[in-house]
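Letter by letter, the sequence shown follows residues 278 to 414 in this note's numbering.
Every residue gets a Cβ at the ideal spot worked out from N, C-alpha and C, and that includes glycine.
Please read all numbers here as calculations on a predicted model, not as lab measurements.
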Amino acid sequence: PPVYNWRYGIPNANRLPSYINLKKGLKILEIPISTLQLTGFNFPIGGGAYFRIYPYFFIKKCIKYLEDKQEKYNMYIHPWELDPDHPKINLPFRVSSTHYFNLSSTEVKLKSLVENFKFSTYKEVYCNLIKSMSVSD
Numbered sequence: 278p279p280v281y282n283w284r285y286g287i288p289n290a291n292r293l294p295s296y297i298n299l300k301k302g303l304k305i306l307e308i309p310i311s312t313l314q315l316t317g318f319n320f321p322i323g324g325g326a327y328f329r330i331y332p333y334f335f336i337k338k339c340i341k342y343l344e345d346k347q348e349k350y351n352m353y354i355h356p357w358e359l360d361p362d363h364p365k366i367n368l369p370f371r372v373s374s375t376h377y378f379n380l381s382s383t384e385v386k387l388k389s390l391v392e393n394f395k396f397s398t399y400k401e402v403y404c405n406l407i408k409s410m411s412v413s414d
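If you want it as structure tokens, here you go:
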């Protein structure tokens, strides 16, 4: 994602869907997780630990902000984030502090999102971009 994180991220990457040119004239459409750009920094709001850490009212407000700017909300969750009782393993504190944080909130927040917003497939949302890449079913 276009954020700085000690485990991943490219802070200056495009925060909106864009093409990445590959070899031999090929290209791929990258659809990064949603971020908010504030004070020159990209703040992730699109899933994973961020979805569990932020309170739902904040996530909802962020999505509405993106909608007002005609931007799409792109989020993800890992399957294990829906199971607050999944087996715990011994991880370094830096990892476990976010990995296990607020797991019990995932399902409730996800249900609230589905009740409050309309969701679509990537194909539906980015149809024109996908067509321009000649991607078929």
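- Here DSSP, grouped into helix, strand and coil, assigns SER374 to helix.
- Selection SER295, ILE308, LYS400 and ASN282 evaluated against TYR350 yields ILE308 as nearest (Cα-Cα).
- When secondary structure is reduced to three states using DSSP, THR398 falls in the coil class, being assigned neither helix nor strand.
- The residues LEU306 and GLU307, in chain order, have a CB closer than 8 Å to that of SER295 in the same chain once the five nearest residues on each side in sequence are set aside.
- Each of GLU384, HIS363 and PHE394 was checked against the Cα of HIS376, and the nearest Cα belongs to HIS363.
- In the three-state reduction of the DSSP assignment, TYR296 falls in the strand class, which pools E and B.
- In this structure, PHE378 lies away from MET352, with their beta-carbon atoms at least 8 Å apart.
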